[in-house]
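Taken in sequence, the protein lines are chains A and B.
Just so you know, the first sequence maps onto residues 1 to 271 in this note's numbering.
Just so you know, the second sequence maps onto residues 1001 to 1271 in this note's numbering.
By construction, the Cβ of each residue, glycine as well, lies at the ideal position given by its N, Cα and C atoms.
Step one of this worksheet: look at the structure below.
Number of protein chains: 2
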Amino acid sequence: MDEVLVNGVRSTCIAPSDRGLQYGDGLFETMRVHDGTIPLWTRHWRRLADGCRRLGLEGVEEAVLREETHRLAAVVARGIVKLVITRGSGGRGYRPPLEARPTRIVAAHASPHHPASHWRQGVALRLCRIRLGRNPALAGMKHLNRLEQVLARHEWDDPAIAEALMQDDRGRVVCGTMTNLFTVTGGRLVTPPVDECGVAGVMRALLLEWTGAQVHALNLEDLAAAEELLLCNAVIGIWPVRAVERQEYPIGKITLGLMERLRQAGLSGEV
Amino acid sequence: MDEVLVNGVRSTCIAPSDRGLQYGDGLFETMRVHDGTIPLWTRHWRRLADGCRRLGLEGVEEAVLREETHRLAAVVARGIVKLVITRGSGGRGYRPPLEARPTRIVAAHASPHHPASHWRQGVALRLCRIRLGRNPALAGMKHLNRLEQVLARHEWDDPAIAEALMQDDRGRVVCGTMTNLFTVTGGRLVTPPVDECGVAGVMRALLLEWTGAQVHALNLEDLAAAEELLLCNAVIGIWPVRAVERQEYPIGKITLGLMERLRQAGLSGEV
């Protein structure tokens, strides 16, 4: 990490007793920095605030987080700011402390090194072996319990594979390891629900608002029948999908149109 | 925490980039210390080693961990030593680094403050509202993704309720938030499987070996029909259950016999 603020102060130190470490008791946001600012800040904050409410994590204030994240955004100019909020230290075992004092960790990073071809020629995907467990109490949140994604990303090291799709235990295709998925079928955009597993991505929410895409479950047959596939997140914007395992997809008009619109809005992570 | 070793050295500092914090990418063991030693060390180590293998977490050596945990056990004399192993820092996003350098955190604590009546008169339980998601790839391990348990423990603060039972999404009763469950029905011990969710507790494994208890799924009807219920973990040993919600249970002979056997083996956490 290039520079890290812990509770607003430059630091390289988190207490070993922090519940973020002990239990994954917290949330995070990975935010694209452009021209020294965070274009999607308000959406990131809203999702984080929703997660805090669901976890019963109090005492997290937007003004403080906005200042700290933007302080580092100004430094990094172009790259990533990652924000981690934990329930801090304390409590007895799993039981949260009555008055938690959350820990704020804000870190600035360079942009991840994705080749330009990921945007221009599209990405090749694999299907993960590991399945996503379902739990409505945790679904949608960008919480710190991410072992499923770690194990999924551990399944391959072929650099020709940019990302992998994850299915739930019933075989429904939910998302990538770090991206949300949209398909185009019959000219209409569809994205899977994230109310049982998966993360409610900030870019997914934006694309849903822009396009009125349908939210419904997708299985492998739906994927095979799709005319276009795209992946998205707040850092990359959109990657067109050119292949999933052996099936190839064209980079279609709807995907290209959305990429252009993101570009014009200054929200594409394209390099 | 009273005293903490990080990678063998007294420390109050974990790197903010540690994957244990960022993703819950690690494992832990909570071990009872008695007379300055850890009676169940070998079992804890074996479970940890199995978890490391399943997570692809290499470079964790028993001799090092045994020395560090026992160094603190000698200091605390009677209490708890908690060991956390993470995949350390590094890697790109969820992707683990090619050569991980695990972080070892060993912390000594006083014994938790449970009243003696928990062992003598038994404990009253509630049923959790939150359900356990199922994922065979993670089940059984004592990994750092524990938000389900945190939210479960957040459901009540009545000190008269010692623990709560957790069901999976199909309504099967799996475990307590920090304990495993055994029932006695028709004079026979039964404990639920932990191959889809739940933790394969060290004390559960010991009781299984001692008793040849059956492992099969339990639903609420099975619970209602049980003659005795007990909870166990490596720190408390066994708590007899005297009530689950409004249903009462006697403290029966089989439970009392196992508690006596634990006492004689020096493995009861009774105060």
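If the criterion is Cβ atoms closer than 8 angstroms, does the pair residue i and residue j meet it?
i	j	result
V358 of chain A	L231 of chain A	The question about residue 358 of chain A has no answer here: the residues shown for chain A are numbered 1 through 271.
I1080 of chain B	T1030 of chain B	yes
G1088 of chain B	D1018 of chain B	yes
P1016 of chain B	V60 of chain A	no
L181 of chain A	L229 of chain A	yes
T1177 of chain B	A1152 of chain B	yes
C128 of chain A	L165 of chain A	yes
R1032 of chain B	V1235 of chain B	yes
G968 of chain B	H1113 of chain B	In the structure as shown, chain B starts at 1001 and stops at 1271, and residue 968 of chain B therefore has no counterpart that could be examined.
N1145 of chain B	L147 of chain A	yes
W1239 of chain B	W1119 of chain B	yes
V241 of chain A	A116 of chain A	no
L57 of chain A	P97 of chain A	no
L132 of chain A	Q167 of chain A	yes
Y48 of chain A	L267 of chain A	It should be noted that the sequence gives Leu, not Tyr, for residue 48 of chain A. No, these two residues do not count as a Cβ contact at 8 angstroms.
E1068 of chain B	G1008 of chain B	yes
R1172 of chain B	L1207 of chain B	no
Any idea which residues DSSP pairs residue i with across the strands?
i	result
N233 of chain A	A:G237
N1180 of chain B	B:C1232
R1010 of chain B	B:L1005
M259 of chain A	Partner(s): none; M259 of chain A has no beta bridge.
A200 of chain A	None; A200 of chain A has no bridge partner.
G140 of chain A	A:V199
Q968 of chain B	No answer is possible for residue 968 of chain B: the residues shown for chain B start at 1001 and end at 1271.
E248 of chain A	A:A243
Q214 of chain A	A:V190
For a contact defined as C-beta to C-beta under 7 angstroms, what are the partners of residue i on chain A?
i	result
H1143 of chain B	L147
I1105 of chain B	P16
In whole angstroms, what is the alpha-carbon distance linking residue i and residue j?
i	j	result
E1062 of chain B	H1070 of chain B	12 angstroms
L1065 of chain B	A1200 of chain B	20 angstroms
T42 of chain A	M203 of chain A	12 angstroms
Q22 of chain A	L256 of chain A	43 angstroms
E1209 of chain B	R1046 of chain B	15 angstroms
V1006 of chain B	L1072 of chain B	12 angstroms
T12 of chain A	A107 of chain A	10 angstroms
I251 of chain A	A225 of chain A	15 angstroms
Q273 of chain A	A162 of chain A	Lying outside 1 to 271, the shown extent of chain A, residue 273 of chain A is not represented and no answer is given.
N1135 of chain B	D169 of chain A	8 angstroms
H1154 of chain B	R95 of chain A	6 angstroms
T191 of chain A	M141 of chain A	17 angstroms
V194 of chain A	A1137 of chain B	20 angstroms
L27 of chain A	L55 of chain A	9 angstroms
G237 of chain A	G269 of chain A	5 angstroms
R75 of chain A	S111 of chain A	It is worth fixing the name first, because residue 75 of chain A is Val in this sequence and not Arg. Distance between the alpha carbons of V75 of chain A and S111 of chain A is about 13 angstroms.
E221 of chain A	Q247 of chain A	12 angstroms
A265 of chain A	L258 of chain A	10 angstroms
In chain A, which residues lie less than 8 angstroms from residue i when you measure between Cβ atoms?
i	result
M1166 of chain B	Neighbours of M1166 of chain B on chain A: none; closest Cβ ~11 angstroms, over 8 angstroms.
N1233 of chain B	Ordered by position in chain A, no residue passes the 8 angstroms Cβ test against N1233 of chain B, which lies about 11 angstroms from the chain.
Output, in chain order, the set of chain B residues within a Cβ distance shorter than 9 angstroms of residue i.
i	result
H154 of chain A	L1055, G1056, Y1094, R1095, P1096
T177 of chain A	G1093, Y1094, R1095
List, in chain order, every chain B residue whose beta-carbon is nearer than 7 angstroms to that of residue i.
i	result
D50 of chain A	Within chain B, no residue comes near D50 of chain A; the closest Cβ sits about 15 angstroms away, beyond 7 angstroms.
V150 of chain A	Y1023, D1025, Y1094, P1096
D169 of chain A	R1134
Along chain B, which residues have their Cβ under 8 angstroms away from the Cβ of residue i?
i	result
P112 of chain A	R1092, G1093
**Request:** With 7 angstroms as the limit, tell me which residues of the segment 257 to 271 of chain A have their beta carbon closer than that to any beta carbon of chain B; keep them in chain order.
**Result:** none
**Request:** Could you name the residues of the segment 2 to 28 of chain A whose beta carbon sits closer than 8 angstroms to any beta carbon of chain B, in the order they occur along the chain?
**Result:** V4, V6, S11, T12, C13, I14, A15, P16, S17, D18, R19, G20, L21, Q22, Y23, G24, D25, F28
**Message:** Residues of the segment 201 to 229 of chain A in Cβ contact with chain B at a cutoff of 7 angstroms, in chain order, please.
**Reply:** none
**Request:** Could you run through the segment 121 to 137 of chain A and flag, in chain order, every residue whose CB is less than 9 angstroms away from some CB of chain B?
**Result:** R129, I130, R131, L132, G133, R134, N135, P136, A137
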